[in-house]
Amino acid sequence: MIKLLKNIIATVSVPRLIIIGFFIALLISAVVLQLSISELLSSSLVRIGMNSVLVLAILPSIVCGTGPNFGLSLGILCGLVGGLTAVEFRLDGYTNFFAAIAFALPLAVLVGYGYGLLLNKVKGAEMMFSMFIGWSAVSLMKMFWLVAPYSSPEMAWPIGRGVRVTVALLNRQVAQILNNTLIFKIGDITIPTGLWLFFFLCCFLVWIFLRTKTGIAMHAAGDNPRFAEASGIDVDRQRVIGTILSTILGAIGILVYAQSFGFYQLYESPHWMPIIAVAAILIGGASIKKASIANVIIGVILFQGILVVAMPVFNIFTQDMASMGEISRVIMQNGIILYALTQISGGE
Amino acid sequence: MANGKNTADIKLHSKYVHMVKSFLTAHMVTILFVALSLLALYASNMNIFLYVTDIVSRISRNAFLVLSLIIPAVAGMGMNFSIVLGAMAAQAIIIFVTHWGVTGFPGILLCMVLSTPVAILMGYLTGSLFNKTKGQEMITGLILGFFVAGIYWFFFLQLVGGIIPMDNPILVLSSGVGIRTTIDLSGGIRYGLDDVYRLSLPIVLIIAGVIGIVYRGFSFFRSKNQTESKLTFFFSIIVFVAAIAAGIAIMSSTTLLNNVRIPVVTWLFIAGLCLLIAFFQHTKLGQDMRTVGQDRHVAAVSGIPVDKVRIIAIIMSMVLASWGHIIFLQNMGAFSTYGSHEQIGFYSIAAILIGGATVKKATIGQALLGVFLFHTLFIVAPAAGRNIFGDAQLGEFFRVFVAYGVIGATLALHAWKTLLQSKQKQLGS
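Residue numbers (the numbering used here), protein chains in the order written: chain X, 1 to 348; chain E, 349 to 777.
As structure tokens, then:
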């Protein structure tokens with residue numbers, strides 16, 4: 001019995017057990033405090049769904065061996081440019097959503113390719129490098145947004161030039177478009193079917209890709225680069241492909257996120273999104289070197305689930321629930337990343 | 349005969365070309381930055397008096413912090429992003445000292461004394477963590493900074509005023525729990541160090557020039573190998589004489605530069621730290637640190653307790669950073685309770701890298717040059733942005749971009765060089 005327990009602790013690891021314990025404690029207190037469970041569940045489903053593709057975007061980068069993609073902001077920015085362009089053409093509804101993806105795709109491929117080449121030049125320091133290239137891209141794009149030549153009324157300031165801080169999607173009928181597709185209710189619980197179907201579709205495509213010849217080669221390149229090189233796999237090329245895939249998924253991910261949120265947030269929010277996504281996949285059981293689709297799904301459910309349930313529970317205990325939610329997120333996400341860093345083969 | 353002379357000429361020529369080339373590549377970041385700063389300075393159209401006043405106060409504010417980055421870099425741990433922990437320790441202590449109402453220079457001393465044990469403890473814990481993540485110290489330090497910031501927020505937003513009583517309507521939010529987002533230090537420790545003693549710029553220039561000439565002359569006539577150091581000797585003498593001349597010129601004119609007042613004690617602190625670091629690198633521990641920085645395995649084989657040395661390096665850096673942040677904040681006069689520490693981490697590291705430091709090598713000169721260049725750009729960027737693009741905001745975003753971009757680019761360059769070297773080693777063996 002004790003042995004079994006020890007085994008569980010060893011495989012799940014202490015930090016994850018703490019997080020799971022925290023989640024259970026939150027759920028119990030939600031029940032005890034008689035919060036509306038159906039409401040919590042409904043908003044959890046939305047929150048989990050809207051973040052899901054962003055978390056999925058981290059998967060290929062870990063699989064191909066570049067380590068978690070802290071530079072996901074590059075993909076996110078591509079997605080935002082695509083999204084704004086679709087709004088600029090005044091497209092509505094699903095046309096807008098898919099046009100945004102279509103505009104973002106070539107950009108993401110290009111950016112991902114260049115980024116992948118750079119990552120090959122900095123082997124061993126990828127995480128640090130990707131963090132800073134992501135941040136510099138975000139601040140570079142801030143300058144771009146200030147002078148961007150978009151003119152549609154959703155985006156442009158009434159006077160002067162540049163794009164607004166947030167671009168509302170309601171007028172273009174894109175807001176919650178995935179969430180509201182095939183939406184239905186079980187009792188009081190609302191199921192955002194379209195959102196989850198889209199997420200599962202993405203997961204499925206990635207799952208299939210990882211089982212193609214390229215996908216298997218990528219796995220091999222990430223698992224053991226030297227061995228892969230010896231068996232004739234072009235490791236650098238696999239890393240570039242993985243990076244491109246991650247960037248593309250990042251672009252799609254932000255569009256999924258934004259349609260549910262109802263706005264494009266241009267200036268500040270791409271800054272921290274990569275760390276949140278990385279933390280989620282790590283909470284789901286991934287390491288710096290190994291990850292699977294299951295890790296993505298478990299991780300995003302646990303992390304976002306906690307964040308949704310925590311808010312109303314904290315509301316009872318403290319007057320300042322917004323900052324308490326923020327604090328617990330910051331501690332959890334950075335704690336799990338720190339833990340994952342200490343697990344890299346003894347550090348040598 | 350003529351032929352031989354020609355080849356010698358060509359050899360000499362190519363030697364110079366090579367020297368220039370290697371100088372350019374070795375100092376690429378710095379040269380680029382000098383050009384950028386000059387351009388921005390020109391475009392900003394800035395009043396020289398305003399610029400000098402600002403740069404003097406910014407250098408005295410930030411130099412100590414940037415110098416605290418040197419020791420861990422020498423010990424092979426890269427840029428120490430965990431100095432934000434030291435900064436948080438300093439902020440926490442400053443909040444309490446402000447609450448107790450200790451002001452001025454005694455307030456500063458009290459802050460320094462109290463923040464030291466906290467910084468030592470944090471340094472010990474951080475160093476131990478870094479020993480578990482060897483090779484990834486920088487990203488660990490960065491994430492650790494965010495993690496501890498979460499705990500720091502929890503302490504000052506949720507506990508202080510609630511579980512930890514603090515009855516102070518100026519510091520605590522109106523709800524009674526949590527510290528306000530900005531803390532005003534005027535009437536507290538503001539200028540506590542700067543205002544101890546100030547001298548006007550020309551006098552400082554003259555005094556520094558005289559001291560420099562005396563010191564240089566003394567060390568020159570004591571050194572045995574006079575021919576080699578002759579060039580540097582004359583060069584430095586010219587610089588010092590120029591400083592004296594500039595001082596006299598300013599004094600005898602009526603420019604506003606006479607009104608620039610240098611915080612002497614703060615600069616003495618900075619100079620003292622420079623001397624201390626220079627001295628420390630010649631001690632046994634300093635030498636051990638250098639060995640650890642060059643090759644951990646060689647160091648371990650020759651009997652140096654690698655892990656212990658690394659922890660000591662982080663502790664020293666952490667303590668210096670907490671003092672440096674106290675100096676920083678007493679000059680600023682106000683700080684953002686939940687954000688100031690984050691900024692100083694990025695900006696100090698960007699500054700030292702701009703000065704030409706790399707992840708493995710950082711010197712006092714690079715730190716000082718970096719602070720000067722980085723803050724020059726910081727002062728003039730908004731004005732330059734307004735003049736060139738008609739938008740000051742653009743200049744502000746640009747300097748943030750520069751801070752991140754410089755860190756990213758130097759990291760990349762260093763990682764790339766290491767990769768090439770290890771490949772060459774593999775080919776050679």
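Yeah, the Cβ is synthetic: ideal placement off N, Cα and C, and Gly gets one too.
_Nearest candidate by alpha-carbon position, reference Ile-759/E, set Ile-487/E, Lys-656/E and Val-654/E_ = Residue mapping note: residue 759/E aligns to position 411 of the second sequence, counting from 1. Note that residue 759/E corresponds to Leu in the displayed sequence, not to Ile. It is Ile-487/E.
*For the alpha helix (DSSP H) containing Phe-737/E, list its first residue and its last residue.*
As a working note, residue 737/E is residue 389 in the second sequence. That run of the alpha helix (DSSP H) goes 712-737.
*Are the segment 245-263 of chain X and the segment 48-65 of chain X in contact at 8 Å, needing three or more beta carbon pairs?*
yes
*Can you name, in chain order, every residue of its own chain whose Cβ lies under 6 Å from the Cβ of Cys-203/X, other than the five neighbours on each side?*
Position 203 of the first sequence, counted from the first residue, corresponds to residue 203/X. Ile-293.
*asked:* By alpha-carbon positions, which one of Leu-549/E, Tyr-563/E and Phe-478/E ends up nearest to Pro-420/E?
replied: Working through the second sequence from its first residue, we reach residue 420/E at position 72. Closest option to Pro-420/E, Cα to Cα, is Phe-478/E.
*For the candidate residues Val-87/X, Gly-215/X and Gly-194/X, whose alpha-carbon lies nearest to that of Ala-156/X?*
Counted from its first residue, the first sequence places residue 156/X at position 156. The residue with the shortest Cα to Cα distance from Ala-156/X is Val-87/X.
_So, for Ser-385/E: in the same chain, excluding its five sequence neighbours on each side, which residues have a beta-carbon less than 6 Å away from its beta-carbon?_
Numbered from 1 along the second sequence, position 37 holds the residue referred to as residue 385/E. Here the set comprises Leu-721, Thr-724 and Leu-725.
*asked:* Residues of chain E with CB closer than 7 Å to the CB of Asn-334/X, please, in chain order.
replied: By one-based count along the first sequence, residue 334/X stands at place 334. Near Asn-334/X (Cβ distances below 7 Å), the residues of chain E are Ile-491, Phe-494, Phe-495 and Gly-498.
*asked:* In the DSSP output, what is Ala-156/X paired with across the bridge?
replied: For the purposes of this step, residue 156/X is identified with residue 156 of the first sequence, where counting begins at 1. The partner list for Ala-156/X (beta bridge, DSSP) reads Val-163/X.
_For chain E, check one thing: does any of its Cβ atoms lie closer than 9 Å to the Cβ of Ser-328/X?_
As a position in the first sequence, residue 328/X is number 328, starting the count at 1. Yes - at least one Cβ of chain E is within 9 Å of the one on Ser-328/X.
*Mind checking which residues open and close the alpha helix (DSSP H) that includes Leu-386/E?*
Within the second sequence, the letter at position 38 stands for residue 386/E. Per DSSP, Leu-386/E belongs to the alpha helix (DSSP H) from 376-392.
*asked:* Quick check: the segment 4-12 of chain X against the segment 130-144 of chain X, are at least 3 beta-carbon pairs closer than 8 Å?
replied: no
*As assigned by DSSP and simplified to three states, the class of Ala-258/X*: Taking the first residue of the first sequence as 1, we reach residue 258/X at position 258. In the structure shown, Ala-258/X sits in a helix (DSSP, three-state: H, G or I).
_DSSP-derived helix/strand/coil call for Trp-683/E_ = Residue mapping note: residue 683/E aligns to position 335 of the second sequence, counting from 1. First, the amino acid is wrong: residue 683/E is Phe here, not Trp. If DSSP states are grouped into helix, strand and coil, Phe-683/E belongs with the strands.
*Answer with buried or exposed for Leu-398/E, where buried requires no fewer than 16 other C-beta atoms within 10 angstroms of its C-beta.*
For this step, residue 398/E is matched to residue 50 along the second sequence. Classification for Leu-398/E: exposed.
*Hey, how far is the Cα of Ser-416/E from the Cα of Val-32/X?*
Position 68 of the second sequence holds residue 416/E. Position 32 of the first sequence holds residue 32/X. The alpha-carbon atoms of Ser-416/E and Val-32/X are separated by roughly 51 Å.
*asked:* Would you call the segment 275-288 of chain X in contact with the segment 94-114 of chain X, where contact means no fewer than 3 C-beta pairs closer than 8 Å?
replied: no
*For Trp-448/E, count neighbouring C-beta atoms within 10 Å of its own C-beta (all shown protein chains included) and say buried if the count is 16 or more, exposed if not.*
Position 100 of the second sequence, counting from 1, holds the residue named residue 448/E. Result: exposed.
*asked:* Please state the DSSP three-state secondary structure of Ile-518/E.
replied: As a working mapping, residue 518/E is identified with position 170 in the second sequence. Three-state DSSP puts Ile-518/E in coil, outside helix and strand.
*Roughly how many whole angstroms lie between the Cα atoms of Phe-303/X and Ala-731/E?*
For this step, residue 303/X is matched to residue 303 along the first sequence. For this step, residue 731/E is matched to residue 383 along the second sequence. Distance between the alpha carbons of Phe-303/X and Ala-731/E is about 44 Å.
*Asp-643/E to Phe-581/E, Cα distance in whole Å?*
In the second sequence, the residue the question calls residue 643/E occupies position 295. In the second sequence, the residue the question calls residue 581/E occupies position 233. Rounded to whole angstroms, Asp-643/E to Phe-581/E spans 35 Å at the Cα level.
*Counting along the chain, where does the alpha helix (DSSP H) carrying Lys-185/X start and finish?*
Your numbering for residue 185/X matches position 185 in the first sequence. It is not in any alpha helix (DSSP H) - Lys-185/X instead sits in the beta strand (DSSP E) that spans 184-186.
*Are three or more beta carbon pairs between the segment 122-133 of chain X and the segment 70-90 of chain X nearer than 8 Å?*
yes
*Within the chosen definition, does the segment 497-505 of chain E reach the segment 296-311 of chain X through at least 3 CB pairs nearer than 8 Å?*
no
*Residue from Phe-22/X, Leu-45/X and Pro-15/X with nearest C-alpha to Thr-190/X*: Taking the first sequence and counting its residues from 1, one reaches residue 190/X at position 190. For Thr-190/X, the nearest C-alpha among the options comes from Leu-45/X.
*Ala-350/E, buried or exposed, once every other Cβ within 10 Å from all chains shown has been counted against 16*: Stepping through the second sequence from its first residue, residue 350/E is reached at position 2. In this predicted model, Ala-350/E has a pLDDT of only 49, less than 50, meaning its place in the structure is not dependable; the value taken from the coordinates is given anyway. So Ala-350/E ends up on the exposed side.
_Cβ separation of Gly-681/E and Ser-534/E, assumed to be a contact under 8 Å, to the nearest whole Å_ = Walking along the second sequence from the start, residue 681/E turns up at place 333. Walking along the second sequence from the start, residue 534/E turns up at place 186. At roughly 5 Å, the Cβ-Cβ gap stays under 8 Å, so Gly-681/E and Ser-534/E are in contact.
*Contact set between Ala-125/X and chain E, taken where Cβ atoms lie within less than 7 Å*: On the first sequence, position 125 is the one that residue 125/X refers to. Those within 7 Å of Ala-125/X in chain E are Leu-759 and Ala-763.
*asked:* Taking the alpha carbon of Tyr-367/X as the reference point, which residue from Val-165/X, Ile-177/X, His-219/X and Gly-253/X has its own alpha carbon closest?
replied: What the structure shows of chain X is the stretch from 1 to 348, and residue 367/X is not part of that stretch, so it cannot be assessed.
*asked:* So, at 8 Å on beta carbons, what are the nonlocal neighbours of Ile-183/X in its own chain, with the 5 sequence-adjacent residues on each side left out?
replied: For the purposes of this step, residue 183/X is identified with residue 183 of the first sequence, where counting begins at 1. Around Ile-183/X: Thr-190, Ile-191, Pro-192, Thr-193 and Gly-194.
*Go ahead and label Val-147/X buried or exposed: buried means 16 or more other beta carbons lie within 10 angstroms of its beta carbon, across all protein chains shown.*
Here the question's residue 147/X lines up with position 147 in the first sequence. Val-147/X should be labelled exposed.
*asked:* Short of 8 Å Cβ to Cβ, which residues in the segment 96-122 of chain X face chain A?
replied: Judged by its chain identifiers, the structure shown contains no chain A, and its protein chains are X and E.
*Do you know how far the Cα of Ser-260/X is from the Cα of Ile-177/X?*
As a first step, residue 177/X is located in the first sequence; it is residue number 177 there, counting from the start. As a first step, residue 260/X is located in the first sequence; it is residue number 260 there, counting from the start. Cα to Cα, the separation comes out at about 7 Å.
*Taking Gln-322/E as part of the beta strand (DSSP E), name the residues at either end of that continuous run.*
Since the first residue shown for chain E is 349 and the last is 777, residue 322/E is missing from the structure and cannot be characterised.
*For Gln-265/X, the three-state DSSP class (helix, strand or coil)*: As a working mapping, residue 265/X is identified with position 265 in the first sequence. Strand at Gln-265/X.
_Looking at chain E, is there any beta carbon in it that lies within less than 9 Å of the beta carbon of Ala-57/X?_
The sequence position of residue 57/X within the first sequence is 57, counting from 1. Cβ-Cβ to chain E under 9 Å: no for Ala-57/X.
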